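There are 4 protein chains.
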Amino acid sequence: MAKSQYEYVKAFETAEKGLLNTWMVIRLDGHSFSKFCIQHDFEKPSDIRCIELMNHAARSVMKVFPEMVLAYGQSDEYSFIFPPKCNVYGRRKSKIVSTCASLFSSAFVFHWATYFPGSKLQHPPSFDGRMICYPTLHNMRDYLCWRQADCHINNLYNTVFWALVLKGGMEQKAAAESLKGTVSGDKHEILFTQFDINYSRLPEVYRKGTTLHWASEEETHVRTTNKAHQPSPDEGRILG
Amino acid sequence: MAKSQYEYVKAFETAEKGLLNTWMVIRLDGHSFSKFCIQHDFEKPSDIRCIELMNHAARSVMKVFPEMVLAYGQSDEYSFIFPPKCNVYGRRKSKIVSTCASLFSSAFVFHWATYFPGSKLQHPPSFDGRMICYPTLHNMRDYLCWRQADCHINNLYNTVFWALVLKGGMEQKAAAESLKGTVSGDKHEILFTQFDINYSRLPEVYRKGTTLHWASEEETHVRTTNKAHQPSPDEGRILG
Amino acid sequence: MAKSQYEYVKAFETAEKGLLNTWMVIRLDGHSFSKFCIQHDFEKPSDIRCIELMNHAARSVMKVFPEMVLAYGQSDEYSFIFPPKCNVYGRRKSKIVSTCASLFSSAFVFHWATYFPGSKLQHPPSFDGRMICYPTLHNMRDYLCWRQADCHINNLYNTVFWALVLKGGMEQKAAAESLKGTVSGDKHEILFTQFDINYSRLPEVYRKGTTLHWASEEETHVRTTNKAHQPSPDEGRILG
Amino acid sequence: MAKSQYEYVKAFETAEKGLLNTWMVIRLDGHSFSKFCIQHDFEKPSDIRCIELMNHAARSVMKVFPEMVLAYGQSDEYSFIFPPKCNVYGRRKSKIVSTCASLFSSAFVFHWATYFPGSKLQHPPSFDGRMICYPTLHNMRDYLCWRQADCHINNLYNTVFWALVLKGGMEQKAAAESLKGTVSGDKHEILFTQFDINYSRLPEVYRKGTTLHWASEEETHVRTTNKAHQPSPDEGRILG
Ligand SMILES: Nc1nc2c(ncn2[C@H]2C[C@H](O)[C@@H](COP(=O)(O)OP(=O)(O)OP(=O)(O)O)O2)c(=O)[nH]1
Ligand SMILES: Nc1nc2c(ncn2[C@H]2C[C@H](O)[C@@H](COP(=O)(O)OP(=O)(O)OP(=O)(O)O)O2)c(=O)[nH]1
Ligand SMILES: Nc1nc2c(ncn2[C@H]2C[C@H](O)[C@@H](COP(=O)(O)OP(=O)(O)OP(=O)(O)O)O2)c(=O)[nH]1
Ligand SMILES: Nc1nc2c(ncn2[C@H]2C[C@H](O)[C@@H](COP(=O)(O)OP(=O)(O)OP(=O)(O)O)O2)c(=O)[nH]1
Ligand SMILES: O=P(O)(O)OP(=O)(O)OP(=O)(O)O
Ligand SMILES: O=P(O)(O)OP(=O)(O)OP(=O)(O)O
Ligand SMILES: O=P(O)(O)OP(=O)(O)OP(=O)(O)O
Ligand SMILES: O=P(O)(O)OP(=O)(O)OP(=O)(O)O
Ligand SMILES: [Mg+2]
Ligand SMILES: [Mg+2]
Ligand SMILES: [Mg+2]
Ligand SMILES: [Mg+2]
Ligand SMILES: [Mg+2]
Ligand SMILES: [Mg+2]
Ligand SMILES: [Mg+2]
Ligand SMILES: [Mg+2]
Ligand SMILES: [Mg+2]
Ligand SMILES: [Mg+2]
Ligand SMILES: [Mg+2]
Ligand SMILES: [Mg+2]
Numbered sequence: 324m325a326k327s328q329y330e331y332v333k334a335f336e337t338a339e340k341g342l343l344n345t346w347m348v349i350r351l352d353g354h355s356f357s358k359f360c361i362q363h364d365f366e367k368p369s370d371i372r373c374i375e376l377m378n379h380a381a382r383s384v385m386k387v388f389p390e391m392v393l394a395y396g397q398s399d400e401y402s403f404i405f406p407p408k409c410n411v412y413g414r415r416k417s418k419i420v421s422t423c424a425s426l427f428s429s430a431f432v433f434h435w436a437t438y439f440p441g442s443k444l445q446h447p448p449s450f451d452g453r454m455i456c457y458p459t460l461h462n463m464r465d466y467l468c469w470r471q472a473d474c475h476i477n478n479l480y481n482t483v484f485w486a487l488v489l490k491g492g493m494e495q496k497a498a499a500e501s502l503k504g505t506v507s508g509d510k511h512e513i514l515f516t517q518f519d520i521n522y523s524r525l526p527e528v529y530r531k532g533t534t535l536h537w538a539s540e541e542e543t544h545v546r547t548t549n550k551a552h553q554p555s556p557d558e559g560r561i562l563g
Numbered sequence: 324m325a326k327s328q329y330e331y332v333k334a335f336e337t338a339e340k341g342l343l344n345t346w347m348v349i350r351l352d353g354h355s356f357s358k359f360c361i362q363h364d365f366e367k368p369s370d371i372r373c374i375e376l377m378n379h380a381a382r383s384v385m386k387v388f389p390e391m392v393l394a395y396g397q398s399d400e401y402s403f404i405f406p407p408k409c410n411v412y413g414r415r416k417s418k419i420v421s422t423c424a425s426l427f428s429s430a431f432v433f434h435w436a437t438y439f440p441g442s443k444l445q446h447p448p449s450f451d452g453r454m455i456c457y458p459t460l461h462n463m464r465d466y467l468c469w470r471q472a473d474c475h476i477n478n479l480y481n482t483v484f485w486a487l488v489l490k491g492g493m494e495q496k497a498a499a500e501s502l503k504g505t506v507s508g509d510k511h512e513i514l515f516t517q518f519d520i521n522y523s524r525l526p527e528v529y530r531k532g533t534t535l536h537w538a539s540e541e542e543t544h545v546r547t548t549n550k551a552h553q554p555s556p557d558e559g560r561i562l563g
Numbered sequence: 324m325a326k327s328q329y330e331y332v333k334a335f336e337t338a339e340k341g342l343l344n345t346w347m348v349i350r351l352d353g354h355s356f357s358k359f360c361i362q363h364d365f366e367k368p369s370d371i372r373c374i375e376l377m378n379h380a381a382r383s384v385m386k387v388f389p390e391m392v393l394a395y396g397q398s399d400e401y402s403f404i405f406p407p408k409c410n411v412y413g414r415r416k417s418k419i420v421s422t423c424a425s426l427f428s429s430a431f432v433f434h435w436a437t438y439f440p441g442s443k444l445q446h447p448p449s450f451d452g453r454m455i456c457y458p459t460l461h462n463m464r465d466y467l468c469w470r471q472a473d474c475h476i477n478n479l480y481n482t483v484f485w486a487l488v489l490k491g492g493m494e495q496k497a498a499a500e501s502l503k504g505t506v507s508g509d510k511h512e513i514l515f516t517q518f519d520i521n522y523s524r525l526p527e528v529y530r531k532g533t534t535l536h537w538a539s540e541e542e543t544h545v546r547t548t549n550k551a552h553q554p555s556p557d558e559g560r561i562l563g
Numbered sequence: 324m325a326k327s328q329y330e331y332v333k334a335f336e337t338a339e340k341g342l343l344n345t346w347m348v349i350r351l352d353g354h355s356f357s358k359f360c361i362q363h364d365f366e367k368p369s370d371i372r373c374i375e376l377m378n379h380a381a382r383s384v385m386k387v388f389p390e391m392v393l394a395y396g397q398s399d400e401y402s403f404i405f406p407p408k409c410n411v412y413g414r415r416k417s418k419i420v421s422t423c424a425s426l427f428s429s430a431f432v433f434h435w436a437t438y439f440p441g442s443k444l445q446h447p448p449s450f451d452g453r454m455i456c457y458p459t460l461h462n463m464r465d466y467l468c469w470r471q472a473d474c475h476i477n478n479l480y481n482t483v484f485w486a487l488v489l490k491g492g493m494e495q496k497a498a499a500e501s502l503k504g505t506v507s508g509d510k511h512e513i514l515f516t517q518f519d520i521n522y523s524r525l526p527e528v529y530r531k532g533t534t535l536h537w538a539s540e541e542e543t544h545v546r547t548t549n550k551a552h553q554p555s556p557d558e559g560r561i562l563g
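So the protein sequences, as listed, match chains Z, R, C and W.
Going by our numbering, the first residue of the first sequence is number 324, and it counts up by one from there.
Going by our numbering, the first residue of the second sequence is number 324, and it counts up by one from there.
Going by our numbering, the first residue of the third sequence is number 324, and it counts up by one from there.
Going by our numbering, the first residue of the fourth sequence is number 324, and it counts up by one from there.
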């Protein structure tokens, strides 16, 4: 079984690369997380244990890739950002994306018990990944704004929805029905008048997601910008 | 924070696809596994616990992708094969590759304790992934022959090397030196005369790796072809 | 102005390649040929001078690429076929496609006066190009059947349409209206009963297009299979 | 011959695109132009008729693509620049590159007789093409500097080389030998002392190539910046 006669098959490999001098973003997203959250009885609309586990997994990824400048997480997704000058793995898309997805998933399972001490992980979860390249800082910021706006809209909706269901005693169907056509202001209003919740005083981590970046050189660890349970009144812009 | 003004950034996503009507192979490979094996005190040259954990993780992947027709594993790598007609995830490379890498890693950590009951996992391991497309069955078979030949060559070498070191008491450097320039026959000879080992009677799982395929329809579970510790005299060809 | 400080920009080039061991097809298609045909007062539905000029241009392309095994032309398009083993220009898509489009266009203009002696070329025409890879001979044949079926359908329609207009004295709008909903048999019928035209006796070159392949080794020139004006009763299949 | 059963082959087409919001450069380059120049007895080192024909062909391309902001030509090559916002043909690489290569070649042949009235075109020439994407204006400028530096270096070398051969009576081999190891200053010196040529007084069009851009809105034609035979003392930078 001489290996050489078969080695020609290696030449079928391709290696698509992220365009040089562009920001490379890797976004991971949990596979069928809606189901996963129900299976594991996550708190609604957001489970702080899940957020912190996601953040821990994201820190594990960043520690392996010191070139990353920022990571942003919300819901079941995390985005990792490599700067334009970065040449990690020759910018090979598959290599970078698969390694990030692998590391994140591996760390998620690895640290599960720390964040869900009483809850057994039912099955191995998975996260898909993709790379997107952005040529300008402006595009890069808009990407983060896009993901953060997604966080904001979903979280506001989910917060009202679950308030109506869990505190207001409505059926899920009726709650959904009653929210049809409502705008942002209406939802704030419902929360405030019916449930005495000032939405903008809820912890930032729920409303805005989590940004990870490197701390100053003296401290070499990753720092999490948004601290859970510490409400903050101002709605800052990402990278602003 | 209207989401719509940022949504244009979604258009920067690309979705490279595996060419239609070709075999799609996903190969995963452990990141820095040489180090990982030492850190976890794996048996040399192969640790059956690792092989069985890898196989378990691979079965987890196959169960999520019933379209896969075969998987082949050896050393720290696993290859998964989708047939030409398969349209999973629209054949998107990143989506498929990242999901496989994620699932495999997740399952590897998830089942670690089952296969390494006394050994704590030190850190989350990772596996990179890539997709390779083969237009013909002939190329597809040659791919598997290539990986199996790799298994064979490395395993024969490592078996002699570690016999010389662990049983023969040689220094690693001296063992490596003494094997320079030896051909396959020489290595069989050394094993047989110096260590009374008939290489071709060693368990197939070490010499040939593991092939996973679907059992007949009655049984719906994944079946592992090569059983560890059951030596078999004939060196069959993959897919032969 | 030292060149070296700028040479880094060369690294931004990418070189997508046709997957190894697949058939590579280059299809060229005339840009806005409907307009071009009117501007140059082409005969309707097909102008044999145009067909022969296209064939000449295609032969020029084939002579530059002896690796091509076949070319097929109809209407304002031509497809060139490289076999799976071919390694021309390392299978770089842009290099191959652009060279074919360039050569074809260049030859089209170069030989214009030979085929249109009395008619001045009004402006430089252009042809776009693309590469498509087919993994199997079956797919490759179906591609040619697809293009030939396109030829057949369009030519049958155009033949009836222009008969109605040019010989039947109908307005173009009325002719188009009268053909709505008709099937192939209806069109044969109209041609036969109203214009005494037996469609299947019209020259093959109009009904089937032109296939170019290499003649036997003794003759080293390119041979055109379909001869214009020589009606042939049987409708052969491409590559059949 | 129903077309529908074959139409599935269309799905094998791919459409790689230039990354959004990047500069798209199309560079065309003459195939085997060294030979072509000899065959057509071009003047050495540069033939102004060829330059002007190339410029004319390039203007033809620009007129078809009003989105182009600039074109730069030298030797047997031309680069065409689309700005980041441009969405021509959905930014499809093959479509854009092949159309440019086709148009340029077509126009080159079309206008040949105007620039080479006494000289018959021997055979249809061809130009290959590629697309390169640049994320920043800085990269875009460096690209043009790279091509202009290439022009400068080659033109200086060729000017001295052909002066030594044609005016100095040296054999080509001896001339090449005598220039080995010489730097820019040496070549200026040889030209000045031996042939009374002040290199920087030679027409810019030879030393710097040609830049095409759109004239002010009042005039709607394409304007050629560098005028042949009009020496200009200052060596301006591209886009500077
Ligand atoms: N209850 C609860 N649900 C959460 C939490 N974090 C995320 N989720 C849920 C909300 C959404 O249903 C889901 C994320 O939305 P996706 O669009 O990613 O959907 P999903 O992952 O189900 O499908 P996919 O496989 O990504 O297409 O995860 C949490 O902390 N608590
Ligand atoms: N002792 C021991 N070593 C193993 C076993 N399975 C795999 N290995 C080691 C042998 C090789 O050093 C390594 C696999 O080779 P690779 O070429 O994949 O190298 P590695 O993963 O270190 O680097 P990479 O990140 O893939 O470039 O894993 C095992 O069961 N026992
Ligand atoms: N009268 C006449 N028309 C022809 C002849 N050969 C081709 N044509 C016309 C028929 C069609 O209108 C046109 C080819 O169809 P296409 O779909 O390629 O359209 P066209 O080139 O106009 O647009 P495109 O730029 O390819 O999207 O050329 C000919 O010999 N005589
Ligand atoms: N005598 C003369 N030669 C020229 C003129 N313009 C270009 N050339 C020649 C100089 C070079 O030999 C050649 C262009 O260099 P390339 O690197 O593009 O080489 P070539 O086209 O031969 O090969 P290629 O097919 O591009 O790899 O064309 C001209 O005006 N007069
Ligand atoms: O891992 P290999 O041997 O297939 O080789 P590679 O992909 O070229 O290298 P790397 O693993 O470093 O990405
Ligand atoms: O692959 P999917 O199904 O997640 O779909 P998508 O088009 O990638 O969409 P999204 O970015 O919303 O996950
Ligand atoms: O033409 P160049 O110098 O850009 O180099 P290349 O594209 O690598 O080579 P070729 O012209 O032979 O395709
Ligand atoms: O020309 P077609 O019919 O193959 O279709 P297309 O390539 O999608 O369209 P276009 O010619 O406009 O690029
Ligand atoms: Mg998704
Ligand atoms: Mg999800
Ligand atoms: Mg999500
Ligand atoms: Mg590797
Ligand atoms: Mg490895
Ligand atoms: Mg390996
Ligand atoms: Mg078209
Ligand atoms: Mg057309
Ligand atoms: Mg057409
Ligand atoms: Mg070249
Ligand atoms: Mg050239
Ligand atoms: Mg050149």
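Note that the Cβ used here is the ideal one computed from N, Cα and C, for glycine as well.
As the structure is a computational prediction, the values presented were derived from the model and not from experiment.
For chain W, check one thing: does any of its Cβ atoms lie closer than 8 Å to the Cβ of residue i?
i	result
residue 334/R	yes
Contact criterion: CB-CB distance below 8 Å. Does residue i meet it with respect to chain C?
i	result
residue 339/W	yes
residue 399/W	no
residue 344/R	yes
Skipping 5 residues on each side, what residues in its chain have a beta carbon closer than 6 Å to that of residue i?
i	result
residue 369/R	529
residue 536/R	393
Leaving out the 5 sequence neighbours to the left and right, which residues in its chain are closer than 7 Å to residue i when beta-carbon positions are compared?
i	result
residue 426/C	383, 384, 387
By alpha-carbon positions, which one of the options ends up nearest to residue i?
i	options	result
residue 497/R	487/R, 478/R, 506/R, 505/R	487/R
residue 359/C	518/C, 448/C, 482/C	448/C
residue 509/C	532/C, 483/C, 414/C, 533/C	483/C
residue 325/R	474/Z, 495/Z, 481/Z, 523/Z	474/Z
residue 432/R	344/R, 536/R, 377/R	377/R
residue 428/C	521/C, 480/C, 353/C, 405/C	353/C
residue 365/W	445/W, 472/W, 537/W	445/W
residue 532/R	492/R, 334/R, 476/R	476/R
Do we get a CB-CB distance below 8 Å when we pair residue i with the residues of chain R?
i	result
residue 479/Z	no
residue 535/W	no
Quick one: residues in its chain with C-beta nearer than 8 Å to the C-beta of residue i, no 5 flanking neighbours on either side, listed in chain order?
i	result
residue 443/C	none
Problem set entry | the stretch 454-465 of chain C in contact with the stretch 429-438 of chain W per 3-pair CB rule at 8 Å | no
For this session: Specify which residues have a beta carbon nearer than 6 Å to any heavy atom of ligand 6, listing them in chain order.
Result: 352/Z, 418/R
Exercise. Contact between the stretch 492-507 of chain R and the stretch 394-411 of chain R: three or more CB pairs below 8 Å?
Worked result: no
Problem set entry | At least 3 beta-carbon pairs within less than 8 Å: the stretch 410-420 of chain W vs the stretch 412-424 of chain C | yes
Problem set entry | the stretch 474-490 of chain W contacting the stretch 517-535 of chain W, beta-carbon criterion three pairs below 8 Å | yes
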